[in-house]
Each structure stands twice: as structure tokens, then as C-alpha cells.
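Numbering (our numbering), first residue to last: 137 to 715.
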């Protein structure tokens, strides 16, 4: 709406009427000096005086409720927060400063249970948006609050007003506004046109105008730069063996990459198999189909296979004796698990890693055969399938390394020209961790947010800054949340001052500035897990089993005696063969 043409001789400007109510009662002695209306922490205030001796007069007290009316319209409501006694050549008086009830939000601090929100590692379902956070700290959702995620918020030891401002500053072009009718906080978004649009005119109601259009800082190109991309790498390494400082041969490998760190070394390993034998059955190598030796001191005897590198079983020399067949054999799966290692940083792109102990993959060998029942003392005719473990050994498993490397810094640009600005912001962290099926990769999301930030910053910086002050004949209807048309542009009113020193003059401060503050709003949640997650594998065991059978113990004993006779006849002592 346009401000109507005003008669500057009207008494409502040259001699305005005001009313100061203290605790709902009009005080006829109160002389109004000024009223200043501002957003948020710039608390709106009013000043009036009572021209009486500060020592003997009758005056209101601190925290008395005050309402100030100008030409019948209430312009401010609050409480007395400041009192100044004055004795000057111009007279005796006390001056009172009234602040709106937004000061109630400066009297309390944030409850300790509501001091931290959206910390690193918070799952998406547990994040709080601005509406939820303000509801937690204020007990209500201020009108105009968007449901945006303000990111990680820490409000320790803050007053309620400072806490609300901290949250709002993360949302964009919003300011705190105190509604004097409801005594509740609201949010007002600059650049949206306001509740009403005013227009002042030269030669009609403008007394003084000072509006500056500044193109010095007009920017043609804006580039948003994030920190180095963090990428999690996993690969099988080629190792070498070389002596350390003490001459001990060690397994080593080298990582050549950009700032390798968070190094985890794993080896492919399989634990020793576990087994159970059928202790009631004894078999000789010849029972399992192993042919007899044709020469040497053991001529005529069968010998179990020899594996020099075997562990526990299979490495005994000239083993020709009895063994028990298997009842069960359990072989665990091979998996990658962490092994001890010692990284040595050579330079920012090279790390040498010394492996503590070689990873082992255990394996087995066995002989299977159908054995005549009568040979091993199993009742009945026919044959029984038996399996004898002949070797437990291991070979070195593969070694893999998982580490974090630094990639290039992501960049997003808007515009082109000679005047450039860059904004480097560590909040735009890209993490790539695709080493397993449950990987994490936020690259596209962060690039989208960087683009949003670049567009908004370009919009803000690619236009001239317009702002200044306009003084007009007093107009008590001018208020915050209004815009003012200047040079065909809607400028937001950020401050209103009604002054009554010499008549009634209203001064407004206007701006087209965008108070934009973009942040990384989402998906902080899974980063910590993404940095350390390792592949999950099934932990199933491989197990074979054999039916347990009954044996004729007399036949077993007879077989042992026959074998001993064969040894004696051959001039051998069985125990000597085990050395």
C-alpha cells in the first residue's frame, strides 16, 4: 500500500499524542522520547522520562509493565529494564528504558538435556529439524519456522534467545521477530515481500533520504570448494621379505597414494581344523590300500605318507603303525581378519608397512578306502568306508590393506567473468567407502548441496547492495515485517525509530541484503560407520562325519599282536621308528 499524502501541519505530526501506561494505568507525567523497533537480539526498546526530582518524585520501578501508544496505536509493550537519574541545567528527571518481553528469553539457559543436536554419527531417523529443536528449547514452534535441518548444533550454556538465534542463523535468510500481541517468538524471512509494502514520496512525506547502491563488491563468478575427498581403498598387496634392523626377516609392502592413513592390514586366515577319531578302530597303511615297500629296512611294510612341512600330523619319519579313522572333521572357512602391523611413514605419499606374523590358512590331507570289516574287527561281512587324516599343514594367506586416501577437492562454480570469489568450506566433506556391500558414498548429495550454496551465494553477491535510511513525518503505522519500495525495488525494513524530540519523526533503515548461511544439512549420520566398516562374511563351518560302528575287541587285540610279531620278525623296534 502507498502512504497517503500527508498534511505536514497536522498536529498528529507537529504535536503527536502519546500515552504511557504503567501496570495498565496511564501516567500523565510521562514524556515520550523515542521508540526503536528491531529484529531478534537487537531488542526493541522505548524511552520516556518523568520530569521530577529523582530523590523526591514518584516513579515506576524496575520490571513494571509498560505499554506505549502513539496517536492511539500501541507501538511497544514490555517492562522497565533501565532507569537513569538526571540532574542537568535543563531540569530534573528520571529516564526509563522499556524493553520488549523478548528479554524473558535472556533470563533462562537451555536445559542441559537439550544442549546438543544432530551430532556426528546421528542416524537419519534420530535427527532434529529446526521446528523440533526450537520446540525442545522454547516449548513451542515459532510461527514461520521452516522444517529444515540446521546441521550439528551445540547450545551449552546459551540463553534461550541465543540458542534460538544460533538455530535460525543456520537456516538462511531468517530473522527472529518478537510478536508483542502474543508475547511469542516468530521467524521472518527477508526477501519475501513482508506483510505489507510501503511507499514514501519526495515532496510529500520524506524529510531526509540516504540510500546507497554499492557495486564495488558485485561478483561475476562464485566457486564453492570442499575439503579433499576421503576415499576408502581396499586391495590385495604384493609383499616382499627383507631383514629388519635386527636382521630378522620380515614381510613388508609399500602403499603409494595421496596421504594414506587409517591403515588396517588383514590376512586371509583359517584356523586349525578340529577333528575326532574313532578310537575303537585301528587301521594300518596297508588296510587303506597303501602298497608295501619293495626295498629298504621297511621292506614288506606299508608306510603312511610323509609331509615334511606338516604340523602335528604327517611329518613323522617312517610311520608304519596304527592310526584311528576319522569320526568328524570340522574345517572353518577362510576369512580376512586383522593382523598386527607397523606402518612407517616415508613421506606424505608413501607408507611402508611391516607385517607382524604371516597369516595362515590351515588345510588337511586324508586317505579314504573301503576296508574289509574282518581286518579291523567290525562284525559282519562286507566293507566299511573309512578315512584317515594324513596331514595338517598351512600355507601363507593373502594380505590385503584397507586405508583412507585423499582425493581432489570438489568444486562447484556459478557464473563467469573477471570478478571472482571462492568459498572454502570444510562442511562439504565427500566420503567414498564402497569396500563392501553396505558401502557409503555421499558424493552426489554433497555436490547438490554445494550447488545449492553456490546458487544462493551468487544470487547474493551478483547484485549491488542497496541500503540506507529514510526519515519521514512521523508515522506510527510503519512497522517491522514491512517492505519499502525504493527505485522500483522492495527493500526490507530492518529497523524503525520513532523520535519525539522535535515533533514526531520516523526513521527507517532498509536493505536488500540476503542474510544467507547455507550448511550441510543432512546425512551426517553414517560417516563414522562408513570409515571403519569391514566386510561381513558368513561364519559357517564345513563339517564331515562318519557313522560310529561297533568292533570286536578280540579281533582288534589279535591284529595288534600280529603286527608286533611282524616287527620282531623284521628285526625292528616300533618305537625307534618314531625318532
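Here a beta-carbon is modelled for each residue, glycine too, at the ideal position from N, C-alpha and C.
Pair within 8 Å by beta-carbon distance, residue i and residue j
i           : j           : result
residue 399 : residue 495 : no
residue 369 : residue 541 : yes
residue 278 : residue 322 : yes
residue 217 : residue 235 : yes
residue 590 : residue 550 : yes
residue 328 : residue 290 : no
residue 254 : residue 285 : yes
residue 230 : residue 598 : no
residue 571 : residue 365 : no
residue 645 : residue 610 : no
residue 158 : residue 196 : yes
residue 498 : residue 462 : no
residue 716 : residue 303 : Residue numbering for the chain in the displayed model covers 137 to 715; residue 716 lies beyond these limits and cannot be assessed.
residue 287 : residue 564 : no
residue 297 : residue 238 : yes
residue 406 : residue 505 : no
The ligand PLP heavy atom lying under 7 Å from the CB of residue i
i           : result
residue 260 : Inclusion of the ligand PLP in the displayed structure is not the case, the ligand content being empty and no account of it being possible.
Cα-Cα separation between residue i and residue j, rounded to whole angstroms
i           : j           : result
residue 174 : residue 309 : 16 Å
residue 606 : residue 635 : 13 Å
residue 325 : residue 311 : 6 Å
residue 390 : residue 375 : 8 Å
residue 167 : residue 616 : 24 Å
residue 330 : residue 260 : 34 Å
residue 508 : residue 426 : 14 Å
residue 669 : residue 573 : The predicted model places residue 669 with a pLDDT of 37, which falls under 50 and marks its position as unreliable, so this point remains unresolved.
residue 559 : residue 649 : 18 Å
residue 340 : residue 608 : 9 Å
residue 295 : residue 491 : 54 Å
residue 270 : residue 180 : 22 Å
residue 266 : residue 186 : 44 Å
residue 520 : residue 404 : 37 Å
residue 241 : residue 177 : 10 Å
residue 637 : residue 151 : 11 Å
residue 367 : residue 485 : 15 Å
residue 347 : residue 336 : 13 Å
residue 233 : residue 332 : 29 Å
residue 379 : residue 386 : 6 Å
residue 383 : residue 373 : 23 Å
residue 500 : residue 525 : 7 Å
Reduced DSSP category for residue i - H, G, I as helix; E, B as strand; rest coil
i           : result
residue 248 : helix
residue 224 : strand
residue 406 : strand
residue 511 : helix
residue 263 : coil
residue 397 : strand
residue 597 : helix
residue 211 : strand
residue 242 : helix
residue 766 : The chain is shown only over 137 to 715; residue 766 falls outside these bounds and no answer can be derived.
residue 693 : helix
residue 430 : coil
residue 592 : helix
residue 657 : Because residue 657 carries a pLDDT of 47, less than 50, the predicted location of this residue cannot be relied on, and the following value inherits that uncertainty. Here residue 657 sits in coil by DSSP.
residue 480 : strand
residue 271 : helix
residue 702 : helix
residue 237 : helix
residue 631 : strand
residue 379 : strand
residue 301 : helix
Cβ distance (whole Å) where residue i is taken to contact residue j below 8 Å
i           : j           : result
residue 161 : residue 204 : Actually they do not touch by this definition, with Cβ atoms about 14 Å apart.
residue 630 : residue 647 : 6 Å
residue 183 : residue 169 : 4 Å
residue 206 : residue 214 : Not a contact, Cβ separation roughly 15 Å.
residue 458 : residue 420 : 6 Å
residue 513 : residue 371 : Actually they are not in contact, since the Cβ atoms of residue 513 and residue 371 sit about 56 Å apart, beyond 8 Å.
residue 460 : residue 414 : 6 Å
Buried/exposed call for residue i, threshold 16 Cβ in 10 Å
i           : result
residue 698 : exposed
residue 402 : buried
residue 538 : buried
residue 677 : Bear in mind that the predicted position of residue 677 carries a pLDDT of just 42, short of 50, making it unreliable; the figure below should be weighed with that in mind. So residue 677 ends up on the exposed side.
residue 529 : buried
residue 701 : exposed
residue 628 : buried
residue 569 : buried
residue 299 : buried
residue 527 : buried
residue 198 : exposed
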